[in-house]
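Colleague: One structure follows; several queries about it will come next.
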Amino acid sequence: MDRWQTIIEPFRIHAVEPIRLTTEAERERALAVAGYNLFNIHADDVLIDLLTDSGTGAMSRDQWAAIQRGDESYAGSPSWFAFRDAVQELFPFTHIIPTHQGRAAEKILYSVVGGPGKVIPNNTHFDTTRANVEFTGAEAVDLVIPEGREPATIHPFKGNVDIAALERLLTERGADVPIVVVTITNNSGGGQPVSLANLHAVREVCDRFGKPLFLDACRFAENAWFIKTREPGQADRSVKEIVREVASLADGMTMSAKKDGLANIGGWLACNDDALAEQCRNLLILTEGFPTYGGLAGRDLEAIAQGLAEVIDEDYLRYRIRSTAYLGDALLAAGIPCVQPFGGHAVYLDARALLPHIPPLEYPGQALAVELYRAGGIRGCEIGTVMFGRHPDGSEAPAAMDLVRLAIPRRTYTQSHVDYVIEVARDLATRSQDLRGYRIVKEPAALRHFTARFDPLR
Ligand code: F0G
Numbered sequence: 035m036d037r038w039q040t041i042i043e044p045f046r047i048h049a050v051e052p053i054r055l056t057t058e059a060e061r062e063r064a065l066a067v068a069g070y071n072l073f074n075i076h077a078d079d080v081l082i083d084l085l086t087d088s089g090t091g092a093m094s095r096d097q098w099a100a101i102q103r104g105d106e107s108y109a110g111s112p113s114w115f116a117f118r119d120a121v122q123e124l125f126p127f128t129h130i131i132p133t134h135q136g137r138a139a140e141k142i143l144y145s146v147v148g149g150p151g152k153v154i155p156n157n158t159h160f161d162t163t164r165a166n167v168e169f170t171g172a173e174a175v176d177l178v179i180p181e182g183r184e185p186a187t188i189h190p191f192k193g194n195v196d197i198a199a200l201e202r203l204l205t206e207r208g209a210d211v212p213i214v215v216v217t218i219t220n221n222s223g224g225g226q227p228v229s230l231a232n233l234h235a236v237r238e239v240c241d242r243f244g245k246p247l248f249l250d251a252c253r254f255a256e257n258a259w260f261i262k263t264r265e266p267g268q269a270d271r272s273v274k275e276i277v278r279e280v281a282s283l284a285d286g287m288t289m290s291a292k293k294d295g296l297a298n299i300g301g302w303l304a305c306n307d308d309a310l311a312e313q314c315r316n317l318l319i320l321t322e323g324f325p326t327y328g329g330l331a332g333r334d335l336e337a338i339a340q341g342l343a344e345v346i347d348e349d350y351l352r353y354r355i356r357s358t359a360y361l362g363d364a365l366l367a368a369g370i371p372c373v374q375p376f377g378g379h380a381v382y383l384d385a386r387a388l389l390p391h392i393p394p395l396e397y398p399g400q401a402l403a404v405e406l407y408r409a410g411g412i413r414g415c416e417i418g419t420v421m422f423g424r425h426p427d428g429s430e431a432p433a434a435m436d437l438v439r440l441a442i443p444r445r446t447y448t449q450s451h452v453d454y455v456i457e458v459a460r461d462l463a464t465r466s467q468d469l470r471g472y473r474i475v476k477e478p479a480a481l482r483h484f485t486a487r488f489d490p491l492r
C-alpha cells in the first residue's frame, strides 16, 4: 500500500462532459461583454472552471442510482427519511430542516436569532452568512486567530477561533450575542481547518456564557480529515468518529450539501432546541416548502443521503486533500504566493503580494482572476476587496487580504487539467508586473462581486 507514492483519482470516469476549447481572442471579447466580471461569463467559454467547489462536483454511480429511487410525495416521502437518517448518522441533532442550499438555512436561522442590536461572532463569516446576518440589522464579527489573517504564516489550524477575543466579546456584549458560529473549514480565511481542541475550547466558553454553538459545516469532512492528519492523537480515529465528536460539541448547524454533501443542490438547518426549530420550520414553510422536503425534490434528498455516505471515505479524502496541495505546491514553486498551508477545497493565491504595484482599491485579486481567464480560460474567484470592501454604511476600504481562490470541484478534473492550470499560472507569474488594476463602473448595494461591472485601468 505504501510502496506507490502517486495519489491517483480513486474513481474511473463513467460519463464525460465535453470542454469547449477557446482562443485568447474569444476570451478577450467575452471579458469585455461580461464587464470583466467572471460571474458574467458563459460557462461554455470556460476551459477549467475553478470558480467554486459548490454544486460543481461529479456525482457517483450510486448517487445517480439513488436519484432513481427519489420519491416525490409532498409529505413524508421515503426519500426524506433516507436524507434525515443520513444527516443524523453524522450530525445527531434532534431537528433536521432541509433547505434548497446553505444560504436558505442561514436566512431562516438569522431571521430568527438576528435583528438590530445583535452581534454574531464567527471565525470568519462567509459572504452569504455575513449578508444574511447584516440583512437582519445584526452585526457580523470575525474572530479568527491572528495567524488566520496572515497568508504566509504556517499553522495547522488557521481557521481556529481566537478564544480570548470570543471571551472578550461575550464579557462586553454577551447579552447581544444570540449564538456563536464556527465555520468548518474557514472558507473566507483560505479553506483553513478548525482543530478539535479549538472547538472544545469554544464549547467551554459557550457553556460559561450560556450561548448555543452553531457550525457552518459546509466542508465538515475535509475539516475532519485535517483533524485526523494534523491533530495529535487523532490519526487512528475514523473520519466518522471525528465528525460525530465535532457535532456533539454544537447545538446546531447550517449546511450547504453542495460541498461535502457531494450533491449539486441542497442544504439543511439542524438544532436541538425545540422552540427554535418550530420558529425555523414556520419560516421554512413560507419560503422553502414543507418540512419533509424544504425546497428540494425527493431525488435531491436521495443524492445527498448517498453523498454523505461517500464523502467520509478515507481514500476519497486523502486524494481530495492531496490533489489540492499538488496544485498549491506547483504554484508556490512557480513563485506565486499562496495562503499556506493550502486549504482543503481550494488554493488561494495572494494577489496583493504577487501584484504589489496594484493598490487594494484597484482590486489586485480581480486583475489576477481576469488574467488567468484571459490567458488560459481558467475561471477563479476574487476573494478580497471586491467581495468585502464595500460596507453597509456605503464606505469602501481594503479587505484584510486580496486573494484569488482556485476552488477544486469534487471528483471532476484530472491531474492533466491541473497541470494545465499550473502551466498558465507559471507563465503569468513571469509577467505579473505588466498586469493593471480595475475600477468598478456599476455595483449593487450588497454582494457586489456577483454583478459589478469593471473597466481595466490603463
Ligand atoms: N457557508 C460557507 C462557508 C460557504 O462556503 C457557503 C457557500 C455557504 C455558507 C452558502 O452555501 O452556496 O449553498 O448557499 N460557498 C460557495 C463558495 C458559494 O463558492 O464558496 P450555499
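Our numbering puts the last residue of the sequence shown at 492; the count rises by one with no breaks. Just so it is clear, CB atoms sit at the ideal spot from N, CA and C, and this is done for glycine as well.
Is the distance from the Cβ of A304 to the Cβ of I130 below 7 Å?
Modeller: Their beta carbons are under 7 Å apart, which means A304 touches I130 by this criterion.
Colleague: State buried or exposed for H234, treating a residue as buried only when at least 16 other CB atoms are found within 10 Å of its CB.
Modeller: Classification of H234: exposed, given that the 10 Å Cβ count is below 16.
Colleague: Rounded to a whole number of angstroms, what is the C-alpha to C-alpha distance between D427 and T419?
Modeller: Going from the Cα of D427 to the Cα of T419 covers about 16 Å.
Colleague: Compare the Cα-Cα distances from A385 to each of E416, A297, G362, A359 and report the closest residue.
Modeller: Nearest C-alpha to A385: E416.
Colleague: Just the Cα atoms here: how many angstroms apart are L406 and G414?
Modeller: Computed Cα separation, rounded: 8 Å.
Colleague: Determine the extent of the alpha helix (DSSP H) in which T288 is found, giving its start and end residues.
Modeller: That residue, T288, is in no alpha helix (DSSP H); its beta strand (DSSP E) goes 286-290.
Colleague: When the distance is taken between beta carbons, is N257 closer than 7 Å to T219?
Modeller: It is a contact, given that the beta carbons lie within the stated cut-off.
Colleague: Select from G423, A343, L310 the residue whose C-alpha is nearest the C-alpha of L437.
Modeller: Looking at the Cα atoms, G423 is the closest of the given residues.
Colleague: Kindly examine the ligand F0G and report whether one of its heavy atoms sits closer than 6 Å to the Cβ of R482.
Modeller: R482 Cβ: outside cutoff for every heavy atom of the ligand F0G.
Colleague: So, under 8 Å CB-CB, V458 and A387 are touching, yes? Tell me the CB distance rounded to an integer number of Å.
Modeller: Not confirmed; about 19 Å, so no contact.
Colleague: Name the residue from R470, L330, G225 whose alpha carbon lies nearest to the alpha carbon of V381.
Modeller: Ranking R470, L330, G225 by Cα distance to V381 puts G225 first.
Colleague: Which runs of the alpha helix (DSSP H), 4 residues or longer, sit entirely within the stretch 248-272?
Modeller: Counting whole runs of 4 or more residues, the stretch 248-272 contains the alpha helix (DSSP H) stretches 254-264.
Colleague: Using beta-carbon positions only, say whether G136 and S290 come within less than 7 Å of one another.
Modeller: Yes, the pair counts as a contact, with Cβ atoms nearer than the cut-off.
Colleague: Please state the DSSP three-state secondary structure of K192.
Modeller: Coil, per DSSP.
Colleague: Report all residues from its chain with a CB closer than 6 Å to the CB of Q400; omit the five preceding and five following residues, and keep chain order.
Modeller: Within the same chain, Q400 has close Cβ partners E416, V420, Y472.
Colleague: T217: beta carbon under 6 Å from a heavy atom of the ligand F0G?
Modeller: Within the cutoff, so yes.
Colleague: Taking the alpha-carbon positions, what's the L143 to S466 distance?
Modeller: So the two alpha carbons sit approximately 43 Å from each other.
Colleague: Please classify R61: is it buried, with 16 or more other beta-carbons within 10 angstroms of its beta-carbon, or exposed?
Modeller: Flag for R61 reads buried.
Colleague: Determine the closest residue to F260 out of R315, W98, A359, I213, with distance taken between C-alpha atoms.
Modeller: Ranking the options by Cα distance to F260, first place goes to A359.
Colleague: List the residues that DSSP assigns as beta-bridge partners of V381.
Modeller: Bridge partners of V381: L440.
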